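One structure is given here, and the rest of the page talks about it.
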Amino acid sequence: MYIPIVSSCVPPATPGPHKNTGYAFVRAPASQPLALPFPKRQDGSPVLNLDEVHFSVYYPTSEHRAARAPTVQWMPKPVGAVLDGYAAYFGGWGPKILSRFQIPLTPNAPLLNRGDKYPLVILSHGLSGTRNTYSQFCQALASEGYIVLAIEHRDGSGPMFVTTPEGSSGDTGKVTGYAANHLLQWQGERPEMLRLRGLQLDFRVREVYEVYAAFTAMQAGKSKARVEGMTDQERIGFFQSLGEHVDASDLQMTGHSMGGGTTIRLLQTAPPDGFDALPLKHAVTLDPWLLPFPHADSMPDAKMPPPPLLSINSQGYSEWQPHFHDVVNVSRDLGGSLVTIIGINHEGFSDEHVIASLRYTRAQDLLSTIHKLTMANFTDSVADSPLVRTHEPDEGNWPAKDRAHKKMRGSFGDVIVHLV
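Residue numbers for the sequence shown follow the numbering used here, beginning at 1 and rising by one.
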């Protein structure tokens, strides 16, 4: 029985037919390295230095995880560096209790051969996120037969990342922490925080392209990527199985908060120089955060029509009226759908409330609704979803009587439909 805070392993999230989930952490060299001269960290190194990409792979496996088999630590190692990063982001507070939790995944298990090929998903995390912050969401998608690449962004927005020398493995190497704007060196006067976020936004978009390039190179057997805990022989076999059983041309994109903003920015803009357009089939944004957009550099507009987009808002983000207005406009511009879930807060899209809330069953119910809506988008059935089809879209104008009180009405877990 799972008891939040007391239990050491979070419950599995496998609504689909594949009940066993594998996990592999990959570090791969960037195909087109890029470093911006400013801002710089206190040691003089550039904050935005894209020489390699990091991501975890969540995937179906045939290997059943025994009760005492190895699992994946929810907080990446080194734990002390992650806690320091959280303290820098939250202002002196690092949730040490989270370091004890494990995720019921099987590290480096073989990929299940199910006959037909698996589609691919790329996930972009939000501020202070890691490659494991959305493990419930990723595991649920893997159970439905998706290969999920959860990026560990190296833009300084996460608590930390570790760069290891080529030929080494594990979590030893250079630790780079959260980039606090007041400690950074800029050329000239220090700009406001949102200017940093604007630069990070476009850096993140480039990381998505690099992650996709790294994955397809792995499939082709042309990659120097390293997989934590795998020997060279095991790595070659794993890459071969990805090449044989994953359809990288069937690509979905998703992200939470700044990761949702990253997804929208990617849809709006042309690929970076030297990259082809991604073969995106669907996109889902979870509480997308759009405030950095006016502070990002001007980029050429996308030439390809956007894929079907679904944005899922928390109640608080929809009640944040100026920002909600921006989300409505962006969703319209991209021809997307937009809904709000009553009762969820901004952090509720991650594992946080499953791990640290005594009302974790409510958190699981909300994550289940998010999963059902995401799958409806991925299967081109949003309008026909039981969560959506019985509601008349309000076109982003939820009732004036509710706006007067600045609160949306509805019962816990209700889906409010704005655009379809």
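Backbone N, C-alpha and C fix where the C-beta goes; we use that ideal spot for every residue, glycine too.
This one's a predicted model, so the numbers in the text were calculated from it and none came from an experiment.
Cβ-based burial, residue i [other Cβ within 10 Å; buried from 16]
i: residue 336; result: buried
i: residue 90; result: exposed
i: residue 114; result: exposed
i: residue 384; result: exposed
i: residue 369; result: buried
i: residue 324; result: buried
i: residue 69; result: exposed
i: residue 6; result: exposed
i: residue 204; result: buried
i: residue 153; result: buried
i: residue 1; result: exposed
i: residue 412; result: exposed
i: residue 144; result: buried
i: residue 232; result: exposed
i: residue 363; result: buried
i: residue 340; result: buried
Residue from the options with nearest C-alpha to residue i
i: residue 221; options: 203, 244 and 163; result: 244
i: residue 386; options: 79, 323, 417 and 100; result: 417
i: residue 190; options: 341, 348, 41 and 340; result: 41
i: residue 236; options: 217, 303 and 253; result: 217
i: residue 80; options: 11, 97, 260 and 64; result: 97
i: residue 160; options: 148, 242, 176 and 260; result: 176
i: residue 92; options: 290, 20, 388 and 180; result: 180
i: residue 131; options: 279, 53 and 88; result: 53
i: residue 326; options: 134, 290 and 298; result: 290
i: residue 282; options: 272, 260, 295 and 250; result: 250
i: residue 43; options: 201, 19 and 183; result: 183
i: residue 380; options: 321, 307, 128 and 365; result: 307
i: residue 202; options: 298, 223, 135 and 234; result: 298
i: residue 255; options: 109, 265, 246 and 354; result: 265
i: residue 315; options: 329, 292, 347 and 106; result: 347
Rounded C-alpha distance that separates residue i from residue j
i: residue 374; j: residue 101; result: 26 Å
i: residue 225; j: residue 214; result: 8 Å
i: residue 310; j: residue 397; result: 18 Å
i: residue 12; j: residue 288; result: 26 Å
i: residue 312; j: residue 410; result: 16 Å
i: residue 332; j: residue 64; result: 44 Å
i: residue 193; j: residue 82; result: 21 Å
i: residue 211; j: residue 399; result: 42 Å
i: residue 277; j: residue 304; result: 8 Å
i: residue 187; j: residue 47; result: 13 Å
i: residue 76; j: residue 390; result: 42 Å
i: residue 198; j: residue 407; result: 30 Å
i: residue 50; j: residue 394; result: 42 Å
i: residue 88; j: residue 116; result: 46 Å
i: residue 173; j: residue 78; result: 10 Å
Chain B within 9 Å of residue i, Cβ atoms only
i: residue 120; result: The chain labelled as chain B is not found in the depicted structure, where only one protein chain is given.
Whole-Å CB distance - residue i paired with residue j, under 8 Å assumed
i: residue 72; j: residue 26; result: Actually they do not touch by this definition, with Cβ atoms about 14 Å apart.
i: residue 120; j: residue 252; result: 7 Å
i: residue 227; j: residue 24; result: 5 Å
i: residue 285; j: residue 208; result: Their Cβ separation, rounded to whole angstroms, is 13 Å, which puts residue 285 and residue 208 out of contact at 8 Å.
i: residue 270; j: residue 302; result: 5 Å
request  = Entirely within the region 255-304 and at least 3 residues each: give me those beta strand (DSSP E) ranges in chain order.
outcome  = 280-286
key: Complete runs of the alpha helix (DSSP H) confined to the region 326-403 [at least 4 residues]   = Counting only runs of 4 or more, we get 352-356 and 360-378.
task = Could you name each continuous alpha helix (DSSP H) segment of 4 residues or more that falls completely within the region 47-129, going from the start of the chain to the end?
result = 79-90
request  = Let me know the beta strand (DSSP E) ranges lying completely inside the region 214-241, each 3 residues or longer, listed in chain order.
outcome  = none
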